[in-house]
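Peer 1: When we follow the numbering used here, the leftmost residue of the sequence shown carries the number 3, and every step to the right adds one.
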Amino acid sequence: MGEVEENVNLTPLIEDIKKAIIGFINREYEENHKYEDFNNLYPDLKHIGIAYTNTPDENHKIQFEINLEDLTATQLVDDKEISHYNYVKESGNREKALESMKYEMEIGRFEDFVSVDEDDLKNAIGLEIDDDGNFYDPLAKNLDNDGISDRYDHDFKDSDYFETTYDVDDNTQLKETNSEKLSILKQIKSYQETEKESEVKECNAKEHDER
């Protein structure tokens, strides 16, 4: 299998991804770059910056970049890795990996790439996301109105916790909205899983027809 893949000319697919990246830049940032500008815009294929923004309070920066050599994608907050996606590992080979990268660049939007998954953020650097989209350290924020920022701010035994934190209807709806919004890396994984399921169904259908 490895020898067969090595004989496949992947250059056209790589060039297609470069064109898709230029298309994304022009579409999302209202630029007017040509394909020939790619090497000047991205001299380092291991770090191709796709999207960059700050949280609403300007305290944290969010970046999304892809690696066109290793075929991976990484989302970072304050230069720290929050999530990482390996297209080859998930796709099975470099050809399918490149096809997935091309697809994502063609349909991706700026907001998809900078949308941070709250679980990934918490697991990576211990921060959480408030209703305004800002990141905060739960151990440094006084949520129970006791005047002290401590780990007990998340203790349901505190009398003011539920009322202060949830404000019931409004906050519940906002938290549901945030949980429904997938980061781009999770969208990619979902797409990959759908593709794999389709391939399995096609193989089963062929085997059935051959019988």
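Glycine residues also receive a C-beta, built at the ideal position from the N, C-alpha and C atoms.
Computed from a predicted structure; not experimentally measured.
Roughly how many angstroms lie between the CA atoms of glutamate 97 and glutamate 17, to the nearest whole one?
Peer 2: 13 Å
Peer 1: What is the DSSP secondary structure of asparagine 56, counted as helix, strand or coil?
Peer 2: The answer is strand: DSSP assigns asparagine 56 an E or B state.
Peer 1: Do isoleucine 64 and threonine 57 have their C-beta atoms within less than 9 Å of each other?
Peer 2: yes
Peer 1: So what does glycine 51 bridge to, in DSSP terms?
Peer 2: Note: glycine 51 sits in a beta bridge opposite Glu67.
Peer 1: Grab me the residues of aspartate 139's own chain with a C-beta within less than 7 Å of its C-beta, minus the 5 sequence neighbours each way, in chain order.
Peer 2: Gly128 and Leu129
Peer 1: Do you know offhand how far leucine 176's Cα is from glutamate 108's?
Peer 2: Bear in mind that a pLDDT of 37 at leucine 176, under 50, signals an unreliable position, so the model cannot answer this.
Peer 1: Does lysine 82 come out as helix, strand or coil in the three-state DSSP assignment?
Peer 2: strand
Peer 1: Looking only at DSSP bridge pairs, what is isoleucine 131 linked to?
Peer 2: Paired residue(s): Phe137.
Peer 1: What are the start and end residues of the alpha helix (DSSP H) that includes aspartate 114?
Peer 2: 112–116
Peer 1: Determine, using beta carbons only, whether aspartate 46 and isoleucine 24 come nearer to each other than 9 Å.
Peer 2: no
Peer 1: Can you tell me whether isoleucine 16 is helix, strand or coil according to DSSP?
Peer 2: helix
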